[in-house]
Every structure is written in C-alpha cells, then in structure tokens.
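Start counting the sequence shown at -4; every next residue gets the next number (the working numbering).
We put the CB at the ideal spot given by N, CA and C, even for glycine.
Below is one structure, written out as structure tokens; comments come after it.
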Amino acid sequence: MNPAQHDSYAADYDAQVRAYDCHITDLVFGLCYEFTRPGQSLLDVGTGSGLAAQPFARAGLQISGMDFSPAMLEICRAKGFFADLQQHDLAATPWPYLAAHFEHLVACGVFHFVPELESIFDEAARLLKPGGLSAFTTRFPTADLHEKPYNRHLAGAFEIFSHSPDYITALLKQRSFTRLKLQKCFVGEEIFLIWVAQKSELSI
C-alpha cells in the first residue's frame, strides 16, 4: 500500500462513501453493539477518515486510531472524537501500543489491501485484553481458491486481495479467538464478510 494513493482522495472520501451508498461501517457497529460499554477502549486499525470508529464514539467508547495516511489522520483530527491518533503502517509490527491495552479492535475495509494477515492477527491478539472483541471485514472470494489463502486482482491503482474464510477461521483459532458472528454483506456488487470474534478470557 502507498500512503500517497490514500492521501490523494482523503478530502473527498466521506462523500464518496455516501455516494456509493455503503453502510458496512454501520453493520460492523450493529454487530458489536451488545458487547460494548461506555468508557471502554477501542482501536480502529486503518481508520481512514474515521467512519468505522464514529458510531462507537457516539456510544461513549474511547477511540484510538491508526493509519499510515497523514491526510486521512488530519480528517480524523478535525472530527474531534479521537482520544489518540498514530501514523503507522499496519504491515509494520509491532504496532505502537502496549500489550493488553484495548477492550475492542475494529478494522473495516482494510484487510483486502493486505495479502498475508498472520502478523496483523498476532498484533490484534497482543493488544486486546483477555475477553476483548475483534471486528473486521474481508472480501469474499468469488472464484475457487484451490486451497490457497487468498487471490488477488487489480482494481484501478490498487491491488486487492480476497481471503478464504477457512484461512481466516484458522488464524482466529490459532490465536485463541472464538468467532461470535459472521455476516455476509454487499458493498456495491462486491461481497464482504464481517467477522466478530472474542479473545479467550484465559489469554495472557
């Protein structure tokens, strides 16, 4: 991923999402709401302009955001609901937070830009408290992967990855997460999966 590509459309991003009639961030919040409480901490990974984090902030959670695009982070600062913002590439680990620091972690519209997700799931497991919630989206593969973890294609200037549900399920299980919910949804004509998983209470 190239930060300059994301910087180039930061100013118009929210308007583009509204024009596209995309409600996946609302669906993520709705699937997570029963597990959240005011005052809890949440990290929005690849926060972009903060669209996924905003409903959680309205529900009273303390929001931290991480993104590699300076222009996107400026949009987030202007919205005024973030307790903390960090410029950091999610592919570069470790992330700039202490272990067991957050009750919740969300990543909406992010993972389809990343091929291998092992290190990202490692960081999610490290940063979440025992019993913490992880909610994220993946692009659903429309072609047979022939047991591969993902396939790839070009969408304009971006390389896009569609991950096998079996691959995601294995990543969660290997890190002591229990899948709580799995919802299929459409973004335009593309199919995405929304995953909600809980870290084991026994994790240390």
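What does residue i pair with, by DSSP beta-bridge criteria?
i	result
Gly60	Asp39 and Leu80
Arg147	Phe156
Lys179	Leu188
Phe97	Leu123
Ala47	Answer is none; Ala47 lacks a bridge partner.
Ala73	Partner(s): none; Ala73 has no beta bridge.
Which of the three DSSP states is assigned to residue i in this structure?
i	result
Thr164	helix
Phe172	strand
Pro125	strand
Leu26	helix
Arg208	The first residue shown for the chain is -4 and the last is 199, placing residue 208 beyond what the model contains.
Phe131	strand
Glu118	helix
Ala66	helix
Ala86	coil
Ala138	coil
Based on Cα-Cα distance, which residue from the options lies nearest to residue i?
i	options	result
Phe153	Thr164, Phe106 and Gly25	Phe106
Arg170	Ala66, Phe187 and Gly126	Gly126
Glu98	Phe30, Leu175, Phe187 and Val23	Phe30
His158	Ala138, Leu149, Leu175 and Gly43	Ala138
Leu22	Leu38, Phe76, Pro160 and Ala48	Ala48
Gly43	Ser36, Pro50, Ser64 and Arg53	Ser64
Leu26	Pro50, Ala66, Pro144 and Arg72	Pro50
Asp117	His141, Pro136, Ala86 and Glu142	Ala86
Gln57	Val101, Pro160 and Glu196	Val101
Pro144	Thr132, Leu112 and Ala120	Leu112
Lys74	Arg53, Ala192, Gly183 and Arg32	Arg53
Arg72	Leu93, Gly45 and Asp84	Gly45
Glu185	Arg32, Tyr162, Phe77 and Phe156	Phe156
His96	Ala120, Ile115, Leu149 and Pro136	Ala120
Ala78	Tyr92, Met67, Phe108 and Ser36	Ser36
Leu93	Phe135, Leu38 and Glu69	Leu38
Ile163	Ile115, Leu68 and Ile70	Ile115
Leu188	Lys168, Pro110 and Pro136	Pro136
Arg147	Phe181, Gln82 and Val109	Val109
Arg174	Phe181, Gly183, Pro160 and Val182	Pro160
Ala192	Thr88, Lys168 and Leu149	Lys168
State the CB to CB distance for the pair residue i and residue j, rounded to an integer number of angstroms; the pair is presumed to be in contact (CB under 8 Å).
i	j	result
Gly104	Ile19	7 Å
Leu80	Gly55	About 19 Å; that fails the 8 Å criterion.
Leu123	Lys194	5 Å
Trp90	Thr133	Actually they do not touch by this definition, with Cβ atoms about 19 Å apart.
Phe172	Ser129	7 Å
Asp62	Gly41	6 Å
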